[in-house]
Amino acid sequence: MVSLTVQRIAELNDKFRRCDPSVPGMRFFTAGIIEVLKRNKVDGDEIVRIVSEFNVFTEDNDPHREHDFGTFEYLGETCFWKIDAYDNDYSMGSDDPTDLSKTRRVLTVMLAEEW
87 MVSLTVQRIA
97 ELNDKFRRCD
107 PSVPGMRFFT
117 AGIIEVLKRN
127 KVDGDEIVRI
137 VSEFNVFTED
147 NDPHREHDFG
157 TFEYLGETCF
167 WKIDAYDNDY
177 SMGSDDPTDL
187 SKTRRVLTVM
197 LAEEW
């Protein structure tokens with residue numbers, strides 16, 4: 087059984103991943119992702135769409151059921167995305183990822199080889 091806290095974290099992570107402005111945070115592409123985009127002369131809009139639509143959560147990729155990690159293929163590359171919950175200064179982990187008044191999320195999209 088999933089606790090209410092874990093359910094709430096998953097809900098907030100899903101909202102953030104889907105670019106809901108009510109969940110504060112920042113989103114990043116790593117240098118590897120930026121290189122793939124440049125090499126293929128495309129912008130990152132498709133990656134944003136892929137990540138926001140991701141919904142294949144399994145025991146293997148989401149053992150804590152927080153919807154904070156996913157993997158996908160893009161232009162022949164295996165890519166990962168992950169969400170971390172920080173305090174408002176982004177200096178350390180949030181002590182309560184369910185509390186939006188003191189939590190900022192960071193979504194990072196990277197090549198699997200950058201993990």
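Numbering (the numbering used here), first residue to last: 87 to 201. No residue lacks a Cβ here, since even glycine has one placed at the ideal position from N, Cα and C. A quick note: this is a predicted structure, and the numbers were derived from the prediction, not measured.
Which residues does DSSP list as the beta-bridge partners of residue i?
i	result
ARG104	ARG104 is not bridged to any residue.
THR91	BP columns for THR91 are empty, so no partner.
GLY179	TYR172
According to DSSP, is residue i helix, strand or coil?
i	result
LEU57	This structure leaves residue 57 out entirely; the chain is present only between 87 and 201.
GLU53	Given that the chain is displayed from residue 87 to residue 201, the structure contains no residue 53 and the question cannot be resolved.
LYS124	helix
ASP170	strand
GLU163	strand
Going by C-alpha to C-alpha distance, which of the options sits closest to residue i?
i	options	result
ASP106	TRP201, ARG191, LEU197	ARG191
LYS127	LEU161, ASP170, ASN174	LEU161
LEU98	ASP154, HIS150, CYS165, GLU145	ASP154
ILE119	VAL109, GLY111, ASP131	ASP131
PHE115	ARG94, TRP167, ASP175, LYS188	TRP167
LEU90	GLU139, MET178, HIS150, LEU193	HIS150
ARG113	VAL88, GLU152, TYR176	TYR176
ASP146	GLU139, VAL134, GLY156	GLY156
ALA171	THR189, PHE158, GLU152	THR189
PHE143	GLU152, GLY111, ILE136	GLU152
TRP201	GLY179, VAL137, ARG135, ALA117	ALA117
ARG103	THR184, VAL134, LEU123	VAL134
So residue i is in the beta strand (DSSP E); what residue range does that whole segment cover?
i	result
ARG113	111-115
Please confirm whether any heavy atom of the ligand MG lies closer than 7 Å to the CB of residue i.
i	result
LEU123	By its list of ligands, the structure shown contains no ligand whatsoever, and the ligand MG lies outside what it can speak to.
In terms of residue numbering, what span does the alpha helix (DSSP H) encompassing residue i cover?
i	result
ASP131	131-139
- Message: Below 8 Å, how does it come out for the segment 163-177 and the segment 185-199: are there three or more Cβ pairs, yes or no?
- Response: yes
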